[in-house]
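Residue numbers (this note's numbering): 8 to 238.
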């Protein structure tokens with residue numbers, strides 16, 4: 008199955024060891040499913056050589072667009088900016104650390120005839136036990152508070168751009184951005200499903216999702232969103 012057009016969105020932070028391969032792999036993935044595409048990488052003020060690698064790649068790949076934060080903005084703002092930066096009909100967001108192969112898009116594309124957003128559910132997740140437990144608790148809490156029955160809400164996703172255009176996520180500063188986007192999409196009548204994907208062990212050192220300074224803002228944004236929808 009082919010897509011009309013595609014924007015591949017990649018957040019990058021301390022991914023100097025993987026970002027070149029991920030971008031080149033993303034080009035292959037895009038060409039496998041469409042003839043019209045762009046790749047947007049947002050470098051969230053990486054202190055390593057991620058930016059240097061991206062500038063080199065930009066000269067080699069005409070479809071590549073590179074954005075850079077001078078000051079680290081964190082997960083929420085980075086993802087919100089990326090979601091609204093894509094210009095094509097379908098958006099596909101993947102990490103820059105190669106824990107998920109960009110070619111997983113082929114599994115998600117097969118469901119685009121019956122869904123508006125397809126989330127890749129990480130089977131046999133290759134993270135430490137603490138991160139897996141935190142993820143399980145988070146997804147269970149989302150189910151309890153919002154009634155959604157998804158299992159991996161912060162994973163990669165392929166979705167129609169109209170889903171983002173209908174949602175106000177620019178005010179979300181935390182990693183709750185993916186959950187708010189998904190919950191709002193379901194409430195707006197969009198079809199959201201999950202498909203199993205392969206998850207790999209981490210190579211780069213950019214992730215910080217399990218830290219308390221990341222978790223607390225997520226809880227705050229979650230409760231704000233819950234209260235707004237009760238009024």
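Just so you know, even glycine gets a beta-carbon here, dropped at the ideal spot from N, CA and C.
- DSSP places residue 222 within a helical segment (H, G or I) once states are collapsed to three.
- Here the C-alpha atom of residue 55 lies approximately 10 Å from the C-alpha atom of residue 24.
- Per DSSP, reduced to three states, the secondary structure at residue 167 is strand.
- Residue range 97-100 is occupied by the beta strand (DSSP E) that includes residue 100, with no alpha helix (DSSP H) assigned at that position.
- Residues of the same chain with a CB within less than 6 Å of the CB of residue 11, apart from the 5 flanking positions on each side, are 96 in chain order.
- Taking 8 Å as the cut-off, the Cβ atoms of residue 98 and residue 14 count as close.
- Residue environment analysis places residue 129 among the buried positions, since at least 16 neighbouring C-beta atoms fall within 10 angstroms of its C-beta.
- Contact between residue 58 and residue 180 is absent: CB atoms are separated by about 23 Å, not below the 8 Å threshold.
- Annotation for residue 199: no alpha helix (DSSP H) segment contains it, though the beta strand (DSSP E) segment containing it runs 199-205.
- Excluding five sequence positions before and after residue 78, the CB atoms of its chain that fall closer than 6 Å to its own CB belong to 52, given in chain order.
- In the displayed model, residue 235 falls within a helix according to three-state DSSP.
- The alpha-carbon separation between residue 231 and residue 158 amounts to approximately 22 Å.
- Between the alpha carbons of residue 155 and residue 190 lies a gap of roughly 7 Å.
- In the displayed model, residue 45 falls within a strand according to three-state DSSP.
- Of 21, 114, 187, the smallest CA-CA separation from residue 226 is found for 187.
- Per DSSP, residue 32 is one residue of the alpha helix (DSSP H) stretching across 26-40.
- Inclusion of residue 27 and residue 64 in the CB contact set at 8 Å is warranted, their separation being smaller than that value.
- In this structure, DSSP gives residue 114 a helical state, which the three-state scheme calls helix.
- The DSSP-derived three-state label of residue 18 is strand.
- Per DSSP, the beta bridge partners of residue 72 are 47.
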